[in-house]
Every structure is written in structure tokens, then in C-alpha cells.
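Report on one structure; see the data block that follows.
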């Protein structure tokens, strides 16, 4: 049951945005707070309103890292950066709430598809629920690490647990599970964000300066099932939350997210009752820093099949990566021409290669 990532680009002008759509991108991601990378600055409400005027009526999606700067992102206790409580204090729930309120407002105003990535603060859910009830084309995800860990159990200096927004308290985690059960959260994803070990500052244990991100994609199915089964979730729920809804988000439901005639034969063969322990040797991604080390997980994947071809079997990779380009077929140049009454064609890097591949697809 593979998950699918939306293809994202940073754009600055209307022309660039429309060229990217013409090239087949699935959507656009933005940060409402500094991303930590100077080349990827935060956007303002004015930026979004300008973009949303263009995107109205277009089947693309805008993804939001939904935190705003409340002036407290360095933590009030800078003299104790090794304490998880310091980091948690520096990324308050209010930062998520205020950002999500703005997203909901814009989504309702312009009716452009919006998606909130990695929701951490369950206290923001009432605003999401209200916007959806009023017809906002809004979806929201949460992540395996928010459903698997709680702040009370994270040791000081354990920067392998750092991510933004942060892992919050047990009561918050329970509320996220309830929202999944009630259909208020649409999907569960990895937000896979690995880094080289040095960026995690493991020796210093400085939560305020360490890289924020957790690598979860390999263990996602087992992570979800380990906790979900005891909470009354079924295998059908698992498929819906990890596969069907993610495919719909990316406009790929005609190819991905279900076992149907005409769909890509992407599937796993697994034992949902077997268990295993996460070890360094069992991690297949290059940089092996993980908060899951030593964790006992339920659900052993014996084989992964991509488009009918086995690519993984009993702990071994069977082939080199065999991915293919996935384009948003709903934003063809013809579609954009009918929307704007003029033609747009991608003229960016690798222009001929991208357009040739799209013609083949």
C-alpha cells in the first residue's frame, strides 16, 4: 500500500505558476513561517490571495506548513536548549491554530483546494471541522510520529525526536486518533524528512539548533497498524487513510490507491499479526538516525510490488529504483487555455525532457 508524494515547486510570479501547472505539477507547497532554508521563504496572506485568484477553478492543490511566527520560536528558556520542554514551548499550539484559521478563511473565500500538512495540534481541529462543514475544499493529514510518540516520554537531548510542528502530549495524541476515527483527519503520512547524523546534533542535544525532521516512510504501515488495531481501526481503514485518500489528494485516484482493473498493481504482501523490532541493520534509507530504534512494531511486510513488479522481499531490495513520472492530467495546456483564454507552455529547466515525457504519458 504505497503512499504518494505531491510534486512541489517554488514559484514567484503568475507566469511561473501557470507554467508549472502546464508542465503537470500536482500542487504547490508553502510555509507560513520561515522554513529554515533561505531559498524557501514564508509567504504572506497577500501572496496567497494573489496566487488563489489565479488558481480558482483549477484542479491543483496548495499545501500548507501551518505555523505562524508568534514571536516565540526560540523558546523562553534558551539556557536549557537540551530540554524537550524548551523546544515544545517554542512551537506552541497557538502557532498552528492561527495559521490554520487563515488557511480556512482563504479556502472558504476562494474555494481553492487546500491541504494542511503534518497537523500536530488537535486544538486546531474545530476550525478545520467548521470550514469543511461550510463547504471548504480542505483536507488535512497527520503523521505517524504524532500518533506513535508523546512529549512526556521524550528524553532530554534526544534530538532524533525533533520535528516541526513538534510531538505534543498524550492527551493531544488521543485527540488526533479520535479525529481520524471520526473522519475529521483525512489521511496519515510519513512526512519523511531524513538528514545526515551531524545535523541532528546528537552529542550536544540542542533541540533549538538541531535539524527538525523524522524519517518514517519505511515503517509507516507497521507504525500505523501497531497503534490502530487496538483502537478499532480495520484493514479497510488503513487502506483508506494511507492509500486511497493520498491518491485523491494528488489527483491520481484513477491509477493509485486501490486494487482495481486499470490501476497500477502497487501492493504489499504482509502479515498483520507478526511483529519485529527496529534495528539499525533493518533501516534501508541512507541516514539511519531514528526515534523508532528498538521499537517493537506489528505488521511485517514480506513483499512490495510496484506496477506488478516485486521490488522488495523479506528484508532485501530486489531492484534499483524504477519510478515513473506522475503528472496532474487535469491541468493540461488545453485545460489552462480554456480557463485563461490563452496558451501556457513550460519553459523552465529541462523543458524538452519534461514536455516529451508528459506527451508520452
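Numbering (the numbering used here), first residue to last: 746 to 1106. By construction, the Cβ of each residue, glycine as well, lies at the ideal position given by its N, Cα and C atoms. All values derive from a computational prediction rather than experimental measurement.
Could you compute how far the alpha carbon of residue 863 sits from the alpha carbon of residue 1059?
Answer to the nearest angstrom: the Cα atoms are 30 Å apart.
For residue 1030 and residue 1050, what's the separation of their Cα atoms in angstroms?
Those two C-alpha atoms are separated by around 18 Å.
Name the DSSP bridge partner or partners of residue 884?
Paired residues: 860.
What do you get for residue 764, buried or exposed, if any count of 16 or more other CB atoms within 10 angstroms of its CB means buried?
Under this definition residue 764 is a buried residue.
Would you call the CB atoms of residue 872 and residue 912 closer than 9 Å?
Against a cut-off of 9 Å, the Cβ pair of residue 912 and residue 872 comes out as no contact.
Roughly how far, in whole angstroms, is the beta-carbon of residue 772 from the beta-carbon of residue 806, given that I think they are within contact range, below 8 Å?
Between residue 806 and residue 772 the Cβ distance is about 4 Å, and since that is below 8 Å, they are a contact.
How should residue 845 be labelled, buried or exposed, when 16 other C-beta atoms within 10 angstroms of its C-beta is the threshold for buried?
By the neighbour-count rule (16 or more Cβ atoms within 10 Å), residue 845 is buried.
Let me make sure I understand the geometry here. Which of 901, 855 and 869 has the alpha-carbon closest to that of residue 881?
When each option's Cα is compared against that of residue 881, the closest is 855.
Can the beta-carbon of residue 964 be found closer than 9 Å to that of residue 1042?
Yes; because the gap between Cβ atoms is below 9 Å, this pair is in contact.
Can you tell me whether residue 790 is helix, strand or coil according to DSSP?
Correct three-state label for residue 790: helix.
Counting only the same chain and skipping the five closest in sequence on each side, list residues whose C-beta sits under 7 Å from that of residue 1075.
If we look at residue 1075 and ignore the five residues flanking it on each side, its Cβ neighbours are 804 and 996.
Just to confirm the assignment, what range does the beta strand (DSSP E) spanning residue 782 have?
Per DSSP, residue 782 belongs to no beta strand (DSSP E) and is neither H nor E.
Using the DSSP secondary-structure output, state which residues sit across from residue 1057 in a beta bridge.
Answer is 1049 and 1062, bridged to residue 1057.
For residue 698, which residues of its own chain have a beta-carbon under 6 Å away from its beta-carbon, when the five flanking residues on both sides are left out?
Residue 698 is absent from the model: the chain starts at 746 and stops at 1106.
Please go through the segment 927-987 and give each complete beta strand (DSSP E) segment of 3 or more residues, from N-terminal end onward.
Taking only runs of at least 3 residues, the beta strand (DSSP E) segments lying wholly in the segment 927-987 are 932-934.
Ignore the nearest five residues each way along the sequence and tell me which others in residue 889's own chain have a CB closer than 7 Å to its CB.
Excluding residues within five positions, the ones whose Cβ falls inside 7 Å are 933, 935, 961, 965, 968 and 969.
Hey, quick one: how far does the alpha helix (DSSP H) through residue 871 stretch, first residue to last?
Here the alpha helix (DSSP H) through residue 871 covers 870-878.
From residue 768 to residue 1072, what distance separates their C-alpha atoms?
Taking the straight line from one Cα to the other gives about 8 Å.
Please tell me whether residue 884 and residue 994 are closer than 9 Å, where the distance is taken between their beta carbons.
Yes, these two residues count as a Cβ contact at 9 Å.
Using 8 Å as the threshold, is the segment 946-954 in touch with the segment 1003-1013, meaning 3 or more CB pairs across them?
No, they do not touch.
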